[in-house]
Ligand SMILES: Nc1nc2c(ncn2[C@@H]2O[C@H](COP(=O)(O)OP(=O)(O)OP(=O)(O)O)[C@@H](O)[C@H]2O)c(=O)[nH]1
Ligand SMILES: [Mg+2]
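In the working numbering, the protein residues as written are 529 to 721.
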């Protein structure tokens, strides 16, 4: 969707049952859920009460899902329930009809939004080799700071490593222009006249 690849995994339906085989399927469903970035929790509106649905959503949010996982509740079969008004579910998920393909564009939008948020927050891409090298050196000096803290070395020595990190970051943000930086520019770019 929009050039982003999604991999959907269809699991067994989750419900209380004493059937051994079905329970194995449900166990597998929970294993997949643990690994998912987005969980689509699909309800059959035609046969579920609002209280049941709300309870399940809360249960998932509090007990099943971990950090960074997004839950999208889907209330399916709206084509069959046109006359009913599900007031308590209004802001809790999307009302769709898989069969009649109703409101699926809204689902696509929400899926894309979760991925776009993730890439903005978690996936900073460093495109410049000079920046990359500086960030590697930043990490080295921060590790030194961390080790220094553990060994309880004097503050002024710690400050030197912290200063070093700041200077390095300054080379990216443009706050300092060291000879190294100029050397780097002259060796990587052809600057004439
Ligand atoms: N009216 C209506 N029927 C639907 C809709 N979505 C699914 N169904 C029907 O519901 C029945 C069950 O659909 P399935 O896709 O097999 O449901 P499932 O939850 O995957 O079932 P299992 O794989 O057996 O766990 C089928 O008869 C579908 O045609 C919908 O939006 N509206
Ligand atoms: Mg199925």
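Backbone N, C-alpha and C fix where the C-beta goes; we use that ideal spot for every residue, glycine too. Remember, predicted model here, so these are calculated numbers, not experimental data.
- For residue 538, the Cβ falls inside the 7 Å cut-off from some heavy atom of ligand 2.
- When beta bridges are read from the DSSP output, residue 622 appears opposite 602.
- Using a 10 angstroms sphere on the CB of residue 587, the tally of other CB atoms stays under 16, which defines it as exposed.
- Per the C-alpha coordinates, the member of 573, 546, 566 positioned closest to residue 596 is 566.
- Residue 687 and residue 563 have their C-alpha atoms some 41 Å from each other.
- Within the DSSP secondary-structure output, residue 566 pairs in a beta bridge with 598.
- Of the other Cβ atoms in all chains shown, 16 or more fall within 10 Å of the Cβ of residue 621; this residue is therefore buried.
- In this structure, ligand 1 has no non-hydrogen atom nearer than 7 Å to the beta-carbon of residue 621.
- In the displayed model, residue 689 falls within a helix according to three-state DSSP.
- Runs of the alpha helix (DSSP H) lying entirely within the segment 637-679, each at least 4 residues long, are 657-678 in chain order.
- Note that the C-beta distance between residue 613 and residue 628 is not below 8 Å.
- At the C-beta level, residue 662 and residue 696 come within 8 Å of one another.
- In the structure shown, the three-state DSSP call for residue 572 is strand.
- Straight through space, the alpha carbons of residue 655 and residue 602 are spaced by roughly 39 Å.
- Annotation for residue 584: the continuous alpha helix (DSSP H) segment containing it runs 578-587.
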